[in-house]
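*Asks:*
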Amino acid sequence: MLKGFRIITQIKHPIMKGQEKLVQETLSQPDEIRRSRSDPNVYLFYQLQRPKRWLCAIIRKLNGDGFLITTYPTDAIKEGEILWQK
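Offset between the sequence shown (1-based) and the working numbering: plus 24.
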């Protein structure tokens, strides 16, 4: 299980319960990766799920490791520096 995934799905975004595999796919096969405008160590991974609906998985890189901050479905990609596009 992804670190913190249980907290994310039980407290922050219950809609993501049971979606760990989809989150892992978003992190390993994103359609777009952006760097946060407010924190250069935070990265937003997006994967298109259906027209105008993405899954967003947000990670923080710290001391060479990355950990999942949160994940949620969204209808808009946030602003930020585009690092990679499919």
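Idealized CB from N, CA, C, for every residue including glycine. None of these values were measured; they are calculated from a predicted model.
Check this for me: beta carbons of residue 55 and residue 79, under 7 Å apart or not?
*Replies:* Taking the sequence shown and counting its residues from 1, one reaches residue 55 at position 31. Taking the sequence shown and counting its residues from 1, one reaches residue 79 at position 55. Against a cut-off of 7 Å, the Cβ pair of residue 79 and residue 55 comes out as no contact.
*Asks:* What is the rounded straight-line gap between the Cα of residue 98 and the Cα of residue 44?
*Replies:* Your numbering for residue 98 matches position 74 in the sequence shown. Your numbering for residue 44 matches position 20 in the sequence shown. In a straight line, the C-alpha of residue 98 is about 16 Å away from that of residue 44.
*Asks:* Under three-state DSSP, which class holds residue 36?
*Replies:* In the sequence shown, residue 36 corresponds to position 12, counting from 1. In the structure shown, residue 36 sits in a helix (DSSP, three-state: H, G or I).
*Asks:* What three-state label does DSSP hand residue 56 in the structure shown?
*Replies:* Locating residue 56 in the sequence shown gives position 32, counting from the first residue. Three-state result, residue 56: strand.
*Asks:* Do the CB positions of residue 104 and residue 58 come within less than 7 Å of each other?
*Replies:* The residue you call residue 104 lines up with position 80 of the sequence shown. The residue you call residue 58 lines up with position 34 of the sequence shown. Taking 7 Å as the Cβ cut-off, residue 104 and residue 58 qualify as a contacting pair.
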